[in-house]
Amino acid sequence: MLLEEWKQEKETMHLLSQILGKYKLEAAYQQPQWAHVPLDITLQGFTTGMLHCEDKDFSITVNLLDDEIEIRAGRNKSFIPLENGTTIKDYYEEIRDFLKQNGVTVEINTTPQEVEDTTPFEQDTTHHHYDSEISNKALDIMKFAYHAESTFIASLRTRKFQSGLFWGTFDISSAIINNVHRPFEDDDKVIERAAFDEEMIEFGFWFGDDQFKGPTFFVMSYPFAEDDFECHEDFPDGSYFDGDMGEFLLEVSDYGQDTVKSVEKFLYESYNLLQSYLNWEDCDHFHLPLKMRENHLD
(Lines of atoms letter the chains of each structure in order from A and count residues from 1; the text may use other names and numbers.)
(Lines give C-alpha, C1' and ligand atoms only; values in the text may rest on other atoms or scores of the structure.)
Protein backbone atom coordinates (compact mmCIF):
# COMPACT_ATOMS: atom_id res chain seq x y z
CA MET A 1 0.00 0.00 0.00
CA LEU A 2 1.61 3.23 -1.17
CA LEU A 3 1.52 6.26 1.08
CA GLU A 4 -0.39 8.31 -1.49
CA GLU A 5 -3.26 5.80 -1.25
CA TRP A 6 -3.95 6.61 2.41
CA LYS A 7 -2.05 9.79 3.27
CA GLN A 8 -4.95 11.48 5.10
CA GLU A 9 -5.97 8.33 6.95
CA LYS A 10 -2.34 7.70 7.88
CA GLU A 11 -1.93 11.21 9.30
CA THR A 12 -5.03 10.76 11.48
CA MET A 13 -3.86 7.33 12.65
CA HIS A 14 -0.42 8.75 13.41
CA LEU A 15 -1.95 11.43 15.62
CA LEU A 16 -4.11 8.85 17.39
CA SER A 17 -0.92 6.94 18.16
CA GLN A 18 0.59 10.16 19.50
CA ILE A 19 -2.30 10.60 21.94
CA LEU A 20 -1.68 7.08 23.26
CA GLY A 21 2.06 7.63 23.22
CA LYS A 22 1.86 10.83 25.25
CA TYR A 23 0.02 8.96 27.99
CA LYS A 24 2.56 6.15 27.89
CA LEU A 25 5.39 8.69 28.10
CA GLU A 26 3.96 9.98 31.38
CA ALA A 27 2.76 6.74 32.95
CA ALA A 28 5.19 3.93 32.00
CA TYR A 29 8.32 2.98 33.93
CA GLN A 30 11.24 4.72 32.22
CA GLN A 31 13.90 2.77 30.34
CA PRO A 32 17.05 3.75 28.43
CA GLN A 33 16.72 4.65 24.72
CA TRP A 34 13.02 5.52 25.27
CA ALA A 35 12.35 1.77 25.25
CA HIS A 36 9.33 2.34 27.52
CA VAL A 37 7.39 4.53 25.08
CA PRO A 38 6.71 2.41 21.95
CA LEU A 39 3.16 1.14 21.59
CA ASP A 40 2.62 -2.61 21.43
CA ILE A 41 1.41 -4.06 18.12
CA THR A 42 -1.52 -6.39 18.79
CA LEU A 43 -3.86 -8.60 16.81
CA GLN A 44 -6.39 -5.76 16.82
CA GLY A 45 -4.18 -2.68 16.44
CA PHE A 46 -1.88 -0.93 18.89
CA THR A 47 -2.01 -0.28 22.62
CA THR A 48 -0.30 1.43 25.51
CA GLY A 49 -0.39 -1.76 27.54
CA MET A 50 -0.85 -1.34 31.29
CA LEU A 51 0.00 2.15 32.57
CA HIS A 52 -0.02 3.44 36.13
CA CYS A 53 -0.90 6.73 37.82
CA GLU A 54 -0.87 6.95 41.62
CA ASP A 55 -3.14 4.07 42.64
CA LYS A 56 -4.78 3.59 39.22
CA ASP A 57 -3.91 1.19 36.40
CA PHE A 58 -5.22 2.06 32.95
CA SER A 59 -4.75 1.35 29.25
CA ILE A 60 -5.76 2.77 25.88
CA THR A 61 -6.06 0.61 22.76
CA VAL A 62 -6.76 1.56 19.15
CA ASN A 63 -8.66 -1.45 17.83
CA LEU A 64 -8.54 -1.25 14.05
CA LEU A 65 -10.27 -4.59 13.53
CA ASP A 66 -13.41 -3.48 15.33
CA ASP A 67 -13.11 0.24 14.49
CA GLU A 68 -13.02 1.51 18.04
CA ILE A 69 -10.81 2.91 20.77
CA GLU A 70 -10.99 1.01 24.06
CA ILE A 71 -10.11 2.81 27.30
CA ARG A 72 -9.87 0.94 30.59
CA ALA A 73 -9.33 2.41 34.05
CA GLY A 74 -9.41 -0.17 36.79
CA ARG A 75 -12.61 -2.17 36.29
CA ASN A 76 -14.30 0.50 34.17
CA LYS A 77 -14.16 0.75 30.41
CA SER A 78 -15.37 2.91 27.55
CA PHE A 79 -15.48 2.53 23.78
CA ILE A 80 -15.15 5.31 21.22
CA PRO A 81 -16.13 4.46 17.62
CA LEU A 82 -13.48 5.10 14.99
CA GLU A 83 -15.42 6.91 12.29
CA ASN A 84 -14.70 9.09 9.32
CA GLY A 85 -15.47 12.68 10.31
CA THR A 86 -14.56 12.33 13.99
CA THR A 87 -11.71 14.73 14.70
CA ILE A 88 -8.53 14.31 16.71
CA LYS A 89 -10.01 16.94 19.05
CA ASP A 90 -13.05 14.71 19.62
CA TYR A 91 -11.00 11.57 20.25
CA TYR A 92 -8.60 13.31 22.63
CA GLU A 93 -11.33 14.97 24.70
CA GLU A 94 -13.29 11.72 25.10
CA ILE A 95 -10.17 9.85 26.21
CA ARG A 96 -9.13 12.64 28.59
CA ASP A 97 -12.59 13.02 30.10
CA PHE A 98 -13.10 9.29 30.71
CA LEU A 99 -9.73 8.97 32.42
CA LYS A 100 -10.40 11.98 34.66
CA GLN A 101 -13.86 10.68 35.56
CA ASN A 102 -12.17 7.49 36.72
CA GLY A 103 -9.46 9.10 38.81
CA VAL A 104 -6.62 9.04 36.29
CA THR A 105 -5.17 12.53 36.51
CA VAL A 106 -2.21 12.24 34.13
CA GLU A 107 -1.46 15.53 32.39
CA ILE A 108 0.15 15.23 28.96
CA ASN A 109 1.79 17.60 26.52
CA THR A 110 -0.88 17.83 23.83
CA THR A 111 1.39 19.24 21.13
CA PRO A 112 2.28 16.59 18.52
CA GLN A 113 5.99 16.01 18.02
CA GLU A 114 8.22 15.00 15.11
CA VAL A 115 5.45 15.95 12.65
CA GLU A 116 4.88 18.98 10.45
CA ASP A 117 1.47 19.98 11.87
CA THR A 118 1.84 20.70 15.58
CA THR A 119 -1.74 21.78 16.28
CA PRO A 120 -2.54 20.68 19.87
CA PHE A 121 -4.89 17.72 20.09
CA GLU A 122 -7.65 19.77 21.74
CA GLN A 123 -7.65 22.19 18.77
CA ASP A 124 -7.20 19.77 15.86
CA THR A 125 -10.33 19.61 13.74
CA THR A 126 -8.38 19.09 10.50
CA HIS A 127 -7.51 15.42 10.93
CA HIS A 128 -10.71 13.39 10.83
CA HIS A 129 -10.12 10.73 8.18
CA TYR A 130 -10.89 7.08 8.81
CA ASP A 131 -11.54 4.14 6.50
CA SER A 132 -12.03 0.66 7.95
CA GLU A 133 -10.68 -1.20 4.92
CA ILE A 134 -7.57 0.97 4.76
CA SER A 135 -7.04 0.62 8.51
CA ASN A 136 -7.15 -3.16 8.26
CA LYS A 137 -4.61 -3.10 5.43
CA ALA A 138 -2.36 -0.86 7.53
CA LEU A 139 -2.71 -3.22 10.48
CA ASP A 140 -1.72 -6.19 8.32
CA ILE A 141 1.43 -4.31 7.29
CA MET A 142 2.19 -3.40 10.91
CA LYS A 143 1.94 -7.05 11.91
CA PHE A 144 4.10 -8.04 8.94
CA ALA A 145 6.80 -5.58 10.03
CA TYR A 146 6.58 -6.81 13.63
CA HIS A 147 6.98 -10.44 12.57
CA ALA A 148 9.81 -9.68 10.13
CA GLU A 149 11.82 -7.83 12.78
CA SER A 150 11.02 -10.33 15.53
CA THR A 151 12.13 -13.25 13.35
CA PHE A 152 15.59 -11.70 13.34
CA ILE A 153 15.98 -10.12 16.76
CA ALA A 154 13.92 -12.19 19.21
CA SER A 155 16.38 -15.03 19.83
CA LEU A 156 19.58 -12.95 19.89
CA ARG A 157 21.51 -13.34 23.13
CA THR A 158 22.14 -9.69 23.83
CA ARG A 159 20.57 -6.61 25.37
CA LYS A 160 17.84 -5.24 23.12
CA PHE A 161 14.40 -3.76 22.91
CA GLN A 162 11.74 -5.61 20.97
CA SER A 163 9.75 -4.37 18.00
CA GLY A 164 7.19 -1.66 18.80
CA LEU A 165 5.44 1.35 17.29
CA PHE A 166 7.42 4.53 17.92
CA TRP A 167 4.61 7.06 17.74
CA GLY A 168 6.74 10.17 17.18
CA THR A 169 7.91 9.06 13.76
CA PHE A 170 5.28 6.31 13.30
CA ASP A 171 7.87 3.65 12.62
CA ILE A 172 8.10 0.11 13.95
CA SER A 173 11.56 -0.43 15.37
CA SER A 174 13.76 -2.64 17.52
CA ALA A 175 17.42 -2.41 18.49
CA ILE A 176 20.49 -4.16 19.84
CA ILE A 177 22.29 -2.18 22.53
CA ASN A 178 26.01 -2.49 23.23
CA ASN A 179 27.21 -1.64 26.73
CA VAL A 180 29.38 1.29 25.66
CA HIS A 181 28.31 4.67 27.02
CA ARG A 182 28.46 7.36 24.29
CA PRO A 183 26.49 10.47 25.32
CA PHE A 184 24.90 12.42 22.48
CA GLU A 185 26.95 15.52 21.75
CA ASP A 186 24.07 18.04 21.98
CA ASP A 187 22.39 17.77 25.39
CA ASP A 188 19.80 20.38 24.39
CA LYS A 189 18.10 17.87 22.05
CA VAL A 190 15.67 16.18 24.41
CA ILE A 191 14.76 13.22 22.20
CA GLU A 192 18.23 12.49 20.85
CA ARG A 193 20.11 12.79 24.14
CA ALA A 194 18.05 9.93 25.62
CA ALA A 195 17.76 7.88 22.43
CA PHE A 196 21.45 7.97 21.59
CA ASP A 197 23.62 7.54 24.66
CA GLU A 198 24.92 3.99 24.18
CA GLU A 199 26.23 2.22 21.09
CA MET A 200 23.39 0.53 19.24
CA ILE A 201 22.15 -0.87 15.95
CA GLU A 202 18.51 -0.10 15.17
CA PHE A 203 16.26 -2.14 12.88
CA GLY A 204 13.15 -0.36 11.71
CA PHE A 205 10.27 0.07 9.29
CA TRP A 206 8.14 2.97 8.16
CA PHE A 207 5.21 3.42 5.79
CA GLY A 208 6.88 5.87 3.43
CA ASP A 209 7.24 9.63 3.17
CA ASP A 210 7.97 12.35 0.63
CA GLN A 211 11.13 10.51 -0.42
CA PHE A 212 9.92 6.89 -0.25
CA LYS A 213 6.64 5.95 -1.90
CA GLY A 214 5.79 3.04 0.36
CA PRO A 215 6.83 0.62 3.11
CA THR A 216 10.58 0.56 3.73
CA PHE A 217 12.89 -1.21 6.18
CA PHE A 218 16.03 0.45 7.49
CA VAL A 219 19.06 -0.39 9.61
CA MET A 220 21.17 2.33 11.22
CA SER A 221 23.82 2.60 13.90
CA TYR A 222 24.83 4.90 16.70
CA PRO A 223 27.47 6.26 16.48
CA PHE A 224 26.10 7.14 13.06
CA ALA A 225 27.78 5.43 10.12
CA GLU A 226 30.01 7.72 8.09
CA ASP A 227 31.50 5.13 5.73
CA ASP A 228 29.99 4.32 2.35
CA PHE A 229 28.92 0.66 2.39
CA GLU A 230 28.30 -1.69 -0.52
CA CYS A 231 25.50 -4.24 -0.29
CA HIS A 232 27.25 -7.46 -1.32
CA GLU A 233 25.70 -10.47 -3.01
CA ASP A 234 24.35 -11.93 0.24
CA PHE A 235 21.92 -9.02 0.58
CA PRO A 236 18.46 -9.51 -0.95
CA ASP A 237 17.76 -7.75 -4.24
CA GLY A 238 16.85 -4.10 -3.82
CA SER A 239 19.02 -3.49 -0.76
CA TYR A 240 21.24 -0.42 -0.73
CA PHE A 241 23.06 1.96 1.60
CA ASP A 242 22.15 5.66 1.56
CA GLY A 243 25.19 7.67 2.58
CA ASP A 244 23.22 10.85 3.23
CA MET A 245 20.88 9.06 5.63
CA GLY A 246 23.55 6.75 7.00
CA GLU A 247 21.15 3.81 6.69
CA PHE A 248 20.75 0.51 4.88
CA LEU A 249 17.39 0.49 3.08
CA LEU A 250 15.04 -2.06 1.55
CA GLU A 251 11.69 -1.08 0.06
CA VAL A 252 8.98 -3.77 -0.02
CA SER A 253 5.67 -4.18 -1.82
CA ASP A 254 4.75 -7.75 -0.88
CA TYR A 255 4.01 -8.92 2.65
CA GLY A 256 4.21 -12.70 2.37
CA GLN A 257 6.49 -15.23 4.06
CA ASP A 258 9.10 -15.03 1.29
CA THR A 259 9.42 -11.30 1.94
CA VAL A 260 9.81 -11.97 5.68
CA LYS A 261 12.79 -14.18 4.83
CA SER A 262 14.25 -11.48 2.58
CA VAL A 263 13.84 -8.87 5.31
CA GLU A 264 15.48 -11.17 7.87
CA LYS A 265 18.44 -11.57 5.49
CA PHE A 266 18.60 -7.81 4.96
CA LEU A 267 18.63 -7.13 8.70
CA TYR A 268 21.28 -9.79 9.33
CA GLU A 269 23.69 -8.64 6.62
CA SER A 270 23.28 -4.97 7.57
CA TYR A 271 23.92 -5.87 11.20
CA ASN A 272 27.10 -7.75 10.27
CA LEU A 273 28.56 -4.78 8.42
CA LEU A 274 27.64 -2.27 11.13
CA GLN A 275 28.86 -4.51 13.94
CA SER A 276 32.23 -4.70 12.20
CA TYR A 277 32.21 -0.94 11.54
CA LEU A 278 31.60 -0.23 15.24
CA ASN A 279 34.31 -2.73 16.27
CA TRP A 280 32.00 -4.60 18.61
CA GLU A 281 33.75 -7.47 20.35
CA ASP A 282 32.56 -10.74 21.89
CA CYS A 283 29.44 -11.00 19.74
CA ASP A 284 29.83 -14.60 18.56
CA HIS A 285 27.47 -15.93 21.21
CA PHE A 286 24.62 -13.65 20.09
CA HIS A 287 23.52 -16.23 17.52
CA LEU A 288 24.00 -19.43 19.53
CA PRO A 289 20.84 -21.56 19.47
CA LEU A 290 18.60 -21.29 22.51
CA LYS A 291 18.54 -24.42 24.64
CA MET A 292 14.81 -24.82 24.30
CA ARG A 293 12.54 -27.19 22.48
CA GLU A 294 11.71 -25.60 19.14
CA ASN A 295 8.22 -24.21 18.81
CA HIS A 296 6.17 -23.66 15.67
CA LEU A 297 7.95 -20.36 14.93
CA ASP A 298 11.41 -21.94 14.56
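Numbering (the working numbering), first residue to last: 1134 to 1431.
The beta-carbon is built from N, C-alpha and C at its ideal position, and this holds for glycine as well.
It should be emphasised that the depicted structure is a prediction, and the values quoted were computed from it without experimental measurement.
- Where residue 1194 is concerned, there is no enclosing alpha helix (DSSP H), although the beta strand (DSSP E) around it starts and stops at 1189-1196.
- In the DSSP assignment, residue 1405 falls outside any beta strand (DSSP E) and lies within the alpha helix (DSSP H) extending over 1390-1410.
- Look at residue 1424 here: in three-state DSSP terms it is coil, with no helix or strand label.
- Taking the CA atoms as reference points, residue 1340 sits about 9 Å from residue 1134.
- In the three-state reduction of the DSSP assignment, residue 1346 falls in the coil class.
- Residue pairing from DSSP places residue 1186 in a beta bridge opposite 1189.
- In this structure, the CA atom of residue 1209 is about 11 Å from the CA atom of residue 1192.
- Taking the Cβ atoms as the reference, residue 1274 lies roughly 6 Å from residue 1388, within the contact range of under 8 Å.
- Annotation for residue 1211: 1204 and 1231 place their beta carbon closer than 6 Å to its own, counting only its chain and skipping 5 residues before and after.
- Among the bridge pairs identified by DSSP, residue 1310 is matched with 1333.
- If you draw a straight line from the Cα of residue 1218 to the Cα of residue 1262, it is about 6 Å long.
- When Cβ pairs closer than 8 Å are counted between the two stretches, the region 1288-1296 is seen to touch the region 1305-1322, the count reaching three or more.
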